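Peer 1:
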Amino acid sequence: MKKTFLLLCFLFIMAGCQDRIELEQQSYVIAIGIDSTDDKGTYEFTYQMANPEVGSAAGQGGSEEPATETVTVQGSDILSATFTANSFVSKKLTLDHTKVIVVSEETARSDDFIRVIQSASRTPQVRRQVQMIVSKEKASDFINNNKPLLETRPHKYYQTMLTRAIETGIVPEATLHRFFQITEGDADLFLGIYATTEKSDQKSASEGAEDKYIAGEIPQIGGSPTQFMGSAVFKEGKMIDIITGEETRLAHALDPTLRMEGYLATVPDPMMPDYRVSYEYSQAEMPKIDIHYHKDKPTTINVEIEFQIEVIAIPSLVEYTQNVAYRKKLEKEVVTRLEQNTKALIEKSQKEYRSDPFYWSLYVRKYFKDIPSYEKADWHKKIYPNAEINVTYTLDKLEFGKMINDSKLDEVRD
Numbered sequence: 001m002k003k004t005f006l007l008l009c010f011l012f013i014m015a016g017c018q019d020r021i022e023l024e025q026q027s028y029v030i031a032i033g034i035d036s037t038d039d040k041g042t043y044e045f046t047y048q049m050a051n052p053e054v055g056s057a058a059g060q061g062g063s064e065e066p067a068t069e070t071v072t073v074q075g076s077d078i079l080s081a082t083f084t085a086n087s088f089v090s091k092k093l094t095l096d097h098t099k100v101i102v103v104s105e106e107t108a109r110s111d112d113f114i115r116v117i118q119s120a121s122r123t124p125q126v127r128r129q130v131q132m133i134v135s136k137e138k139a140s141d142f143i144n145n146n147k148p149l150l151e152t153r154p155h156k157y158y159q160t161m162l163t164r165a166i167e168t169g170i171v172p173e174a175t176l177h178r179f180f181q182i183t184e185g186d187a188d189l190f191l192g193i194y195a196t197t198e199k200s201d202q203k204s205a206s207e208g209a210e211d212k213y214i215a216g217e218i219p220q221i222g223g224s225p226t227q228f229m230g231s232a233v234f235k236e237g238k239m240i241d242i243i244t245g246e247e248t249r250l251a252h253a254l255d256p257t258l259r260m261e262g263y264l265a266t267v268p269d270p271m272m273p274d275y276r277v278s279y280e281y282s283q284a285e286m287p288k289i290d291i292h293y294h295k296d297k298p299t300t301i302n303v304e305i306e307f308q309i310e311v312i313a314i315p316s317l318v319e320y321t322q323n324v325a326y327r328k329k330l331e332k333e334v335v336t337r338l339e340q341n342t343k344a345l346i347e348k349s350q351k352e353y354r355s356d357p358f359y360w361s362l363y364v365r366k367y368f369k370d371i372p373s374y375e376k377a378d379w380h381k382k383i384y385p386n387a388e389i390n391v392t393y394t395l396d397k398l399e400f401g402k403m404i405n406d407s408k409l410d411e412v413r414d
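Per the UniProt record's numbering, numbering of the sequence shown is gapless, rising by one per residue and ending at 414.
1) What are the boundary residues of the beta strand (DSSP E) that Phe113 is part of?
2) Cutting at 7 Å between CB atoms, please list the residues of its own chain near Val116, excluding the five before and the five after it.
3) Which of the three DSSP states is assigned to Gln322 in this structure?
4) Would you identify the three-state DSSP class for Glu399, choosing helix, strand or coil?
5) Does the distance from the C-beta atom of Met49 to that of Leu93 stay below 9 Å?
6) Would you decide whether Lys235 is buried or exposed? Buried here means 16 or more other CB atoms lie within 10 Å of its CB.
7) Excluding the 5 residues preceding and the 5 following Phe368 in the sequence, name in chain order all residues of the same chain whose CB lies nearer than 7 Å to its CB.
8) Does the beta-carbon of residue 432 have 16 or more other beta-carbons within 10 angstroms, so that it is buried, or is it exposed?
9) Using the three-state DSSP reduction, which class does Asp370 fall into: helix, strand or coil?
10) If we call anything under 9 Å between Cβ atoms a contact, is Glu198 one with Lys147?
11) Is the CB-CB distance between Ala31 and Thr98 below 9 Å?
12) Considering only their Cβ atoms, is the gap separating Val134 from Glu167 smaller than 9 Å?
13) Using a 10 Å radius around the Cβ and a threshold of 16 neighbouring Cβ atoms, would you call Leu95 buried or exposed?
14) Going along the chain, which residues of its own chain have a beta-carbon closer than 6 Å to the beta-carbon of Thr342, five neighbours each way excluded?
15) Can you list, in chain order, the residues of its chain whose CB lies under 6 Å from that of Thr226, leaving out five sequence neighbours each side?
16) Would you report the Cα separation of Leu398 and Ile309, rounded to the nearest angstrom?
17) Cβ atoms of Ile114 and Lys238: under 9 Å apart, would you say?
18) Would Thr248 and Ile383 be called neighbours here (beta carbons separated by less than 9 Å)?
19) When you compare each of Leu254, Val318, Thr72 and Pro66 to Pro273 by their alpha carbons, which one comes out closest?
20) Can you round the beta-carbon distance between Val267 and Ile314 to whole angstroms, since I take them to be within the 8 Å contact cut?
21) Taking DSSP's pairing of strands, which residues face Pro268 in a bridge?
22) Quick check on Ile243: does DSSP put it in helix, strand or coil?
23) Opposite Ser104 in the DSSP bridges: which residues?
24) Looking only at its own chain, which residues have a Cβ that is under 8 Å from the Cβ of Ile312, when we skip the five neighbours before and after it?
25) So, helix, strand or coil for Glu198, using DSSP?
26) List the endpoints of the continuous beta strand (DSSP E) containing Ala50.
27) Could you tell me which of Asp111, Lys329, Ile346 and Gln129 sits nearest to Arg178, measuring between CA atoms?
28) What's the call for Arg164, buried or exposed, on a 16-neighbour Cβ count within 10 Å?
29) Can you tell me the Cβ-Cβ gap for Val171 and Phe228, rounded? I've got them flagged as a contact below 8 Å.
30) If we call anything under 9 Å between Cβ atoms a contact, is Ala232 one with Ile242?
31) Give me the Cβ distance between Ile291 and Trp360, rounded to the nearest whole Å; I'm assuming they're in contact under 8 Å.
32) Which residues in the same chain have their Cβ closer than 6 Å to the Cβ of Leu149, if we skip the five residues on either side of it in sequence?
33) Run through the DSSP bridge pairs and tell me what His155 is partnered with.
34) Have a look at Gln118, Gln26 and Asn51 and flag the residue whose alpha-carbon is nearest the alpha-carbon of residue 422.
35) Locate the beta strand (DSSP E) running through Ser80, then write down its first and last residues.
36) What's the gap between the Cα of Tyr293 and the Cα of Leu191?
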């Protein structure tokens, strides 16, 4: 009797392997592209699949196989199109390791975008941490033209490229989870990653500084043609605008739910305006947001941001470390620039977008007893556009790197 019981137990355990699929029988999709077609409800889906043998220890034998395979098929949603692709792709398409979903700007601006992206939230195959990229060109063209030079493995390229870009603030954290969370909350703006492989009218370095660009405008010679810079602004599940890398960084600084390690920036030298002072910005703590909701008058929003900077380059050679008055002028220049640019972004969001990309609606919900009363107050049509907003930047640490003094030009050129 005991042996029979043990035998039955082993049979149940062994039955768990009956639907097993070997690794070499699967094709792992790294990037998914979505483009519109002339037929309503039909889309072009592009799947970029990684070759696991390229770049791995198993593939060190000099194999000349390509690192990826890219196919495009038509379908009504992401999942059903994978079965169409399997009519000519030998291995089963698997979405478990998908890193990015690339959507063309044309598709993102259409009213039906929310319909086609909705299928990604239903299947457990597509992880909620997949990043959403909006491309200026067709998504299929973006994926096919994106040829990184230093990293042949596509999953590693997207992982390292986007992680560093998000940390420096030039593109936002744009996961599928965040998209659905903000869209279904119906109160704030979602920021998606903006990218392109096409060059547009490029700005000069003096006009664009270091982050006043969107993807495609950055002056570039050599390297990969793909540029990631700025954000695609979504309202109610539809793209409405594009903001620059600088504005994206400000949104990071004002949003307590986004992470940003720090970034390099420049300001005009207050003592010699022909030059620019370079510094590293860091923000150790989340912004302090205080909202006073008033039903019959404009709501007041006060935001305080403490930050630190380390000056890394002074091309003018002005001795800011030795002169307190000069140093005060530099501090004032940095703070004034940040406050002016932040004020411009907030005014733009209030007047043009009629909603905020900072997720501040989280802080006003405590004034309402239930969801219906909160929805009736209408954050992004009544409260935020009419609010009185004050943002204060406080510089609590100013450092000048390893050197106290720069070279004295009059002594070098005597």
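Quick reminder that beta carbons are idealized off the backbone N, C-alpha and C, glycines included. All values derive from a computational prediction rather than experimental measurement.
Peer 2: In short:
1) For Phe113, there is no enclosing beta strand (DSSP E); the residue is part of the alpha helix (DSSP H) that begins and ends at Phe113 to Ile117.
2) Around Val116: Ile34, Tyr43 and Asp77.
3) DSSP, reduced to helix, strand and coil, places Gln322 outside both helices and strands of the structure shown, so it counts as coil.
4) Glu399 falls in the strand class under three-state DSSP.
5) Yes, they are a contact pair.
6) Burial call: buried.
7) Exclusion of the five residues before and after Phe368 leaves Tyr374 and Ala377 as the residues of its chain whose Cβ lies within less than 7 Å of its Cβ.
8) Residue 432 is absent from the structure shown; the chain starts at 1 and stops at 414.
9) Note: Asp370 maps to coil in three-state DSSP.
10) Not a contact, by the Cβ cut-off of 9 Å.
11) Going by C-beta atoms, Ala31 is nearer than 9 Å to Thr98.
12) No, the pair does not count as a contact, with Cβ atoms beyond the cut-off.
13) Counting the other CB atoms within 10 Å of its CB gives Leu95 a total of 16 or more, which places it among the buried residues.
14) Once the five neighbours on either side are set aside, the close Cβ partners of Thr342 are Leu250 and Val391.
15) So the list reads Asn146 and Thr197, once near-sequence residues are dropped.
16) Rounded to whole angstroms, the gap between the alpha carbons of Leu398 and Ile309 is 5 Å.
17) Taking 9 Å as the Cβ cut-off, Lys238 and Ile114 qualify as a contacting pair.
18) 9 Å or more divides the Cβ of Thr248 from the Cβ of Ile383.
19) It is Val318 whose Cα lies nearest to the Cα of Pro273.
20) Contact flag wrong, Cβ pair sits at about 11 Å.
21) According to DSSP, residue pairing for Pro268 in a beta bridge involves Arg276.
22) Here Ile243 sits in strand by DSSP.
23) Beta-bridge pairing links Ser104 to Ser135.
24) Leu264, Ser278, Tyr279, Glu280 and Gly401, listed in sequence order.
25) Three-state result, Glu198: coil.
26) For Ala50, the enclosing beta strand (DSSP E) starts and ends at Tyr43 to Ala50.
27) The option with the nearest alpha carbon to Arg178 is Gln129.
28) Burial is judged here by how many other beta carbons sit within 10 angstroms of a residue's own beta carbon; Arg164 has fewer than 16 and is exposed.
29) Indeed, because the Cβ distance is near 5 Å, the residues count as touching under 8 Å.
30) In contact: Ala232 and Ile242 (Cβ atoms closer than 9 Å).
31) 7 Å between Cβ atoms; contact.
32) The beta carbon of Leu149 lies closer than 6 Å to those of Ser224 in the same chain, with the five residues before and after it left out.
33) Its beta-bridge partners do not exist; DSSP assigns none.
34) Beyond the ends of the chain as shown, which are 1 and 414, falls residue 422; an answer cannot be given.
35) Where Ser80 is concerned, there is no enclosing beta strand (DSSP E), although the alpha helix (DSSP H) around it starts and stops at Ile78 to Ala85.
36) Roughly 25 Å between the two C-alpha positions.
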